[in-house]
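Q:
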Amino acid sequence: MGLAISVGLLGTPDLREEAEVLHRALAAEGVAWREPATAPAGPAEVFGAGFPYSYLSGLRRVYVLHRLGEPVTGAREVSSEQYDEDLELVDDETAVLDSHLLCHADHEGYYVPAEFPFEDPLFLPEGAGVPGAGMVGSCGPLLAELQRFAAAIGIRLAADGSLAPEESARLDALPGDDPFEPEVFAWHALYRACRTSLATGHAIVFG
715 MGLAISVGLL GTPDLREEAE VLHRALAAEG VAWREPATAP AGPAEVFGAG
765 FPYSYLSGLR RVYVLHRLGE PVTGAREVSS EQYDEDLELV DDETAVLDSH
815 LLCHADHEGY YVPAEFPFED PLFLPEGAGV PGAGMVGSCG PLLAELQRFA
865 AAIGIRLAAD GSLAPEESAR LDALPGDDPF EPEVFAWHAL YRACRTSLAT
915 GHAIVFG
C-alpha cells in the first residue's frame with residue numbers, strides 16, 4: 715500500500731462533489747478558496763506521484779530532527795529501535811499542532827493554495843465531511859517547511875528557495891542506495907505538488 719498525490723484532478727466531474735464539500739467547509743472557517751472549475755490546460759498544470767507510506771513517515775522524521783536541532787540521519791542508517799524513538803519525537807512535535815507537514819492524514823485529505831486565518835493547519839469539525847479527519851493544510855506553509863530542511867537531506871535549493879531544473883533532474887536520478895533516497899523522493903514529490911498547486915490554484919489531493 716502507498717500514498718498517491720495528485721494536483722489538478724479535484725475539479726473533474728467524478729470529484730466535483732468532494733470539491734464542493736471542501737469549499738463549503740473552508741468557507742465556514744473564513745478561507746476563500748474553491749477548486750478551479752476549468753480543467754488544467756496541459757501537463758504543466760497537473761501533477762501526480764506515489765510512494766510508500768514509510769517514505770512520508772521518514773520525511774516527517776528528518777523534518778522533526780532538523781526542527782529540534784538534532785543530527786539528521788536517513789531512516790536506512792539507524793536501527794529499528796532508534797527509528798521508533800525518533801517517531802516518538804514526531805508524535806510530540808505533531809501535538810504542537812503548528813506543522814502542515816506533520817498535521818495531516820497519511821492516506822487522504824487536502825492541501826489548498828490559500829492563506830488561512832492563522833498560520834497553523836486547519837482542524838475542521840467531524841460534521842464537515844472532509845476526509846483526513848478534517849485536517850487541511852496550506853500549500854504555502856508546507857512549501858516553506860520543505861525548504862527549511864532541504865539542505866539537511868542533501869537538496870541544493872537556489873537562494874530564493876526554488877529548485878533548478880538541473881537539481882530536480884539530479885534528485886530524479888538519485889541512486890537507490892543513497893542514505894536519504896526515500897526521504898528525498900517524498901520531499902521532491904511534495905515540493906513539485908506545492909509548486910503546481912500554487913501556480914494553478916488546484917488542491918493537492920492525498921489518496
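Residue numbers (the numbering used here): 715 to 921. Beta carbons: idealized from backbone N, C-alpha and C, even for Gly. Keep in mind the model is a prediction, meaning the values are calculated, not measured.
1) Which partner residues of M849 appear in the DSSP bridge assignment?
2) Taking A718 and G921 to be in contact with their CB atoms under 8 Å, please state how far apart those CB atoms are, rounded to whole angstroms.
3) Tell me, please, whether the segment 783-798 touches the segment 809-820 by the rule of three or more beta-carbon pairs shorter than 8 Å.
4) Tell me the rounded alpha-carbon separation between A758 and A917.
5) Entirely within the segment 849-880 and at least 3 residues each: give me those beta strand (DSSP E) ranges in chain order.
6) How about I869 and V898: do their beta carbons lie closer than 9 Å?
7) Near P831, which residues of its chain fall below 8 Å by C-beta distance, leaving aside the five closest residues on each side in sequence?
8) Taking all protein chains shown into account, do 16 or more other C-beta atoms lie within 10 angstroms of the C-beta of D800, making it buried, or fewer, making it exposed?
9) Which of the three DSSP states is assigned to G772 in this structure?
10) Which residues share a DSSP beta bridge with A718?
11) Could you give the first and the last residue of the continuous beta strand (DSSP E) run that contains V922?
12) Output the distance between the C-alpha atoms of A887 and P766, rounded to the nearest integer angstrom.
A: In brief:
1) The sequence position of residue 849 within the sequence shown is 135, counting from 1. According to DSSP, which records beta bridges pairwise, M849 is partnered with F837.
2) As a working mapping, residue 718 is identified with position 4 in the sequence shown. As a working mapping, residue 921 is identified with position 207 in the sequence shown. A718 to G921, Cβ: 5 Å. Contact.
3) Too few Cβ pairs lie closer than 8 Å, so no.
4) Residue mapping note: residue 758 aligns to position 44 of the sequence shown, counting from 1. Residue mapping note: residue 917 aligns to position 203 of the sequence shown, counting from 1. Taking the straight line from one Cα to the other gives about 15 Å.
5) If only complete runs of 3 or more residues are kept, the segment 849-880 shows the beta strand (DSSP E) at 849-852, in order along the chain.
6) As a position in the sequence shown, residue 869 is number 155, starting the count at 1. As a position in the sequence shown, residue 898 is number 184, starting the count at 1. Against a cut-off of 9 Å, the Cβ pair of V898 and I869 comes out as a contact.
7) Along the sequence shown, read from residue 1 onward, the residue named residue 831 stands at position 117. Within the same chain, P831 has close Cβ partners E743, G744, V745.
8) Against the sequence shown, residue 800 aligns to sequence position 86. D800 should be labelled buried.
9) Here residue 772 refers to the residue found at position 58 of the sequence shown. Residue state, collapsed to three classes: helix.
10) The residue labelled residue 718 in the question sits at position 4 within the sequence shown. When beta bridges are read from the DSSP output, A718 appears opposite G764.
11) Only positions 715 to 921 of the chain appear in this structure, which leaves residue 922 out of reach.
12) Residue mapping note: residue 887 aligns to position 173 of the sequence shown, counting from 1. Residue mapping note: residue 766 aligns to position 52 of the sequence shown, counting from 1. CA-CA distance, A887 to P766, rounds to 18 Å.
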